[in-house]
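Going down the list, the sequences are from chains F and U. Quick note on numbering: my numbering labels position 160 of the first sequence as 160, and the sequence is numbered without any gaps. Quick note on numbering: my numbering labels position 90 of the second sequence as 90, and the sequence is numbered without any gaps. For every residue, glycine included, the Cβ atom is placed at its ideal position computed from N, Cα and C. Encoded as structure tokens, the structure appears first; notes follow it.
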Amino acid sequence: MAAEVLRMIATKETVELDDRQLVEQIRQGDDGAFEMLVRRKTSKVYGLCYRVIGNSEDAKDISQLVFLKLWENLEKYDATYAFDTWLYRMVTNVAIDFMRSKQSRDNAVNSNLRLVKTSIDPEQTVTVARKEVESVFNAVSNVLSPKQKTIFVMSEMEDLRSSEIAKVLGCRESTVRNHLFNARKLMQAQLKRRFPEYARLWEESR
Amino acid sequence: MMTCTSFRANLQPGNADAASLDHLRHCDGCLDFAMNVDPDLFFRSLGGEELVPPGGIDAFVGDVMSQVRVHDAEAALAARHNVSAWQRWAIAATVAAGVTGATLAYRYEHPAPRVAQTLQSVSVAQTLQSVSVAQTLLSVPRPATTATKSFVETYSSHDATIVEMPNDGSGTKIVMIFDDKLPADL
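This is the structure we're talking about:
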């Protein structure tokens, strides 16, 4: 009975290895540990990619690229730092590079797109629909630079603190706050221009 | 999880804690209310949930692992064909030595033709007028000219002066014809 309990504890410990231990096992040539790490981090990586890129297929491709880079560079990981910070840095680098190459192509096409009707009845009450918020965000966030958008997503949607974002991006906290301030300002201006029905929320709250 | 009542009671502009955000992101009913209290929550209502890539996590992980295996196979193949720096130098030296040797051997078998200049001066004494002719003859074969020159097979004239050059013993007979009626390019 006691042996059974011990075996169960041992199995549980093997399953619940933390990220650093998993990395150590991968370095020793355990492919299964890498598969476990990918499974564990997929939602986080894909979620951030999706928020930054705004397209599920591209986000999937970029996420796979991130894991491939992770595999290539795992030897460089310094276990004294948090694994997630290192992973987020990799995600943001790849996503920002992708956005920069994509943005130049898409800017001309998307600049005049509108997802909702432009004629707004001033008396009409604004009802916020969750699905629409996502569409609005994808449309409005095009005005942000890839770095601004990444910071905005990490702060507003991933709930990372400025200090954590600064660590991920390898910049100062004040830089992060500046980017965030400018991003919010640009988003509100864009919202006012393209989605006046939602911009009224800000007007009314003043 | 926070109830709608406590969420609405606690929500302050510019002060959304983790629990409030969690509630906001899962409760459609409170979203509209939250927007009116703090519009900055507009985009903060997004996020928080676990996103799954198209096709599901299993398919995604399978794709990643197969890409990793392909990457490893490529890396192993590249390592097998990898040539070190000193091997590269050795290959370059061998090629350079081969090219130099072949060039030297070719030069030895096919020496470059030397240009020899021979100057022959011929002086011709004539009875009517004394003419001194110097001719420079090059032993190097000249490229064939494409222009055709007129030639004379038989010639008969009363005004012409024909001078036969002294025979040098080689069997060649040189004859000089002086006549104003002959074509200039002859």
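Under 8 Å by beta carbon: chain F residues contacting residue i
{"i": "residue 71 of chain U", "result": "68, 71 and 72"}
{"i": "residue 104 of chain U", "result": "What residue 104 of chain U touches in chain F: nothing, since even the nearest Cβ is about 49 Å away."}
Nearest-angstrom Cα separation, counted from residue j out to residue i
{"i": "residue 57 of chain U", "j": "residue 96 of chain U", "result": "57 Å"}
{"i": "residue 68 of chain U", "j": "residue 179 of chain F", "result": "36 Å"}
{"i": "residue 159 of chain U", "j": "residue 173 of chain U", "result": "22 Å"}
{"i": "residue 53 of chain U", "j": "residue 75 of chain F", "result": "27 Å"}
{"i": "residue 183 of chain F", "j": "residue 84 of chain U", "result": "50 Å"}
{"i": "residue 37 of chain U", "j": "residue 2 of chain U", "result": "18 Å"}
{"i": "residue 129 of chain U", "j": "residue 103 of chain U", "result": "With a pLDDT of 44 at residue 129 of chain U, under the threshold of 50, the modelled position of this residue cannot be trusted; read the value that follows with caution. For residue 129 of chain U and residue 103 of chain U, the distance between alpha carbons rounds to 58 Å."}
{"i": "residue 18 of chain U", "j": "residue 63 of chain F", "result": "26 Å"}
{"i": "residue 39 of chain U", "j": "residue 86 of chain F", "result": "33 Å"}
{"i": "residue 161 of chain U", "j": "residue 183 of chain U", "result": "15 Å"}
{"i": "residue 21 of chain F", "j": "residue 88 of chain F", "result": "18 Å"}
{"i": "residue 190 of chain F", "j": "residue 70 of chain F", "result": "36 Å"}
{"i": "residue 137 of chain U", "j": "residue 108 of chain U", "result": "The pLDDT assigned to residue 137 of chain U is 47, lower than 50, so where the model puts this residue is not dependable; a value taken from the coordinates is nonetheless given after this. Answer to the nearest angstrom: the Cα atoms are 29 Å apart."}
{"i": "residue 165 of chain F", "j": "residue 93 of chain F", "result": "13 Å"}
{"i": "residue 20 of chain U", "j": "residue 12 of chain U", "result": "10 Å"}
{"i": "residue 171 of chain F", "j": "residue 177 of chain F", "result": "11 Å"}
{"i": "residue 134 of chain F", "j": "residue 59 of chain U", "result": "26 Å"}
{"i": "residue 79 of chain F", "j": "residue 4 of chain U", "result": "42 Å"}
{"i": "residue 121 of chain U", "j": "residue 176 of chain U", "result": "Residue placement at residue 121 of chain U cannot be trusted, given a pLDDT of 42 that sits under 50; the coordinates are not used to answer."}
{"i": "residue 181 of chain F", "j": "residue 148 of chain F", "result": "9 Å"}
{"i": "residue 91 of chain U", "j": "residue 73 of chain U", "result": "27 Å"}
{"i": "residue 52 of chain F", "j": "residue 50 of chain U", "result": "15 Å"}
{"i": "residue 36 of chain F", "j": "residue 67 of chain F", "result": "12 Å"}
{"i": "residue 65 of chain U", "j": "residue 79 of chain U", "result": "21 Å"}
{"i": "residue 96 of chain F", "j": "residue 141 of chain F", "result": "14 Å"}
{"i": "residue 94 of chain U", "j": "residue 86 of chain U", "result": "12 Å"}
{"i": "residue 89 of chain U", "j": "residue 24 of chain F", "result": "39 Å"}
Contact list for residue i against chain U, beta-carbon separation under 7 Å
{"i": "residue 130 of chain F", "result": "28, 31 and 45"}
C-beta neighbour in chain F for residue i, strict 8 Å
{"i": "residue 7 of chain U", "result": "no"}
{"i": "residue 109 of chain U", "result": "no"}
{"i": "residue 36 of chain U", "result": "yes"}
{"i": "residue 12 of chain U", "result": "no"}
{"i": "residue 96 of chain U", "result": "no"}
{"i": "residue 77 of chain U", "result": "no"}
{"i": "residue 91 of chain U", "result": "no"}
{"i": "residue 87 of chain U", "result": "no"}
{"i": "residue 83 of chain U", "result": "no"}
{"i": "residue 99 of chain U", "result": "no"}
{"i": "residue 2 of chain U", "result": "no"}
{"i": "residue 15 of chain U", "result": "no"}
8 Å Cβ cutoff, residue i in contact with chain U
{"i": "residue 180 of chain F", "result": "no"}
{"i": "residue 50 of chain F", "result": "yes"}
{"i": "residue 39 of chain F", "result": "yes"}
{"i": "residue 114 of chain F", "result": "Legend: pLDDT at residue 114 of chain F = 47, less than 50; position of this residue unreliable, value from coordinates given subsequently. Answer no: the Cβ-Cβ gap between residue 114 of chain F and chain U never drops below 8 Å."}
{"i": "residue 198 of chain F", "result": "yes"}
{"i": "residue 60 of chain F", "result": "yes"}
{"i": "residue 35 of chain F", "result": "yes"}
{"i": "residue 24 of chain F", "result": "no"}
{"i": "residue 42 of chain F", "result": "yes"}
{"i": "residue 164 of chain F", "result": "no"}
Residue i: contacting residues in chain U (beta-carbon distance under 8 Å)
{"i": "residue 46 of chain F", "result": "51, 52, 53 and 60"}
{"i": "residue 57 of chain F", "result": "54"}
{"i": "residue 201 of chain F", "result": "35, 36, 39 and 42"}
Limits of the unbroken beta strand (DSSP E) element including residue i
{"i": "residue 53 of chain F", "result": "Unbroken run through residue 53 of chain F is the alpha helix (DSSP H), 31 to 53; no beta strand (DSSP E)."}
Within chain F, partners of residue i - CB distance below 7 Å
{"i": "residue 63 of chain U", "result": "64"}
For residue i, the first and last residue of its enclosing alpha helix (DSSP H)
{"i": "residue 174 of chain U", "result": "Note, residue 174 of chain U: premise wrong, no alpha helix (DSSP H); not H, not E."}
{"i": "residue 132 of chain F", "result": "130 to 140"}
{"i": "residue 80 of chain F", "result": "Careful: residue 80 of chain F lies outside any alpha helix (DSSP H) and carries neither H nor E."}
{"i": "residue 161 of chain U", "result": "First-last for residue 161 of chain U: 161 to 164, but that is the beta strand (DSSP E), not the alpha helix (DSSP H)."}
{"i": "residue 195 of chain F", "result": "No alpha helix (DSSP H) holds residue 195 of chain F; DSSP gives it neither H nor E."}
{"i": "residue 84 of chain U", "result": "Unbroken run through residue 84 of chain U: none, as it is neither H nor E."}
{"i": "residue 156 of chain F", "result": "Where residue 156 of chain F is concerned, there is no enclosing alpha helix (DSSP H), given that its DSSP letter is neither H nor E."}
{"i": "residue 10 of chain U", "result": "4 to 10"}
{"i": "residue 16 of chain U", "result": "Segment: none, residue 16 of chain U is in no alpha helix (DSSP H) and carries neither H nor E."}
{"i": "residue 30 of chain U", "result": "28 to 37"}
{"i": "residue 162 of chain F", "result": "162 to 169"}
{"i": "residue 187 of chain U", "result": "Residue numbering for chain U in the displayed model covers 1 to 186; residue 187 of chain U lies beyond these limits and cannot be assessed."}
{"i": "residue 72 of chain F", "result": "56 to 73"}
Proximal residues of chain F, C-beta to C-beta of residue i below 9 Å
{"i": "residue 18 of chain U", "result": "159"}
Distance cut-off 7 Å: residue i Cβ against heavy atoms of the ligand SAM
{"i": "residue 82 of chain F", "result": "For the ligand SAM, the structure offers nothing, since it holds no ligand at all."}
For the region 82 to 99 of chain F, enumerate the residues whose C-beta is nearer than 7 Å to any C-beta of chain U, in chain order.
For the region 82 to 99 of chain F, which is checked against every Cβ of chain U, not one residue is closer than 7 Å.
Residues in the region 134 to 161 of chain F with C-beta within 7 Å of chain U's C-beta atoms, listed in sequence order?
For the region 134 to 161 of chain F, the set of residues with a beta-carbon nearer than 7 Å to any beta-carbon of chain U comprises 134, 137, 156, 157, 158 and 159, in chain order.
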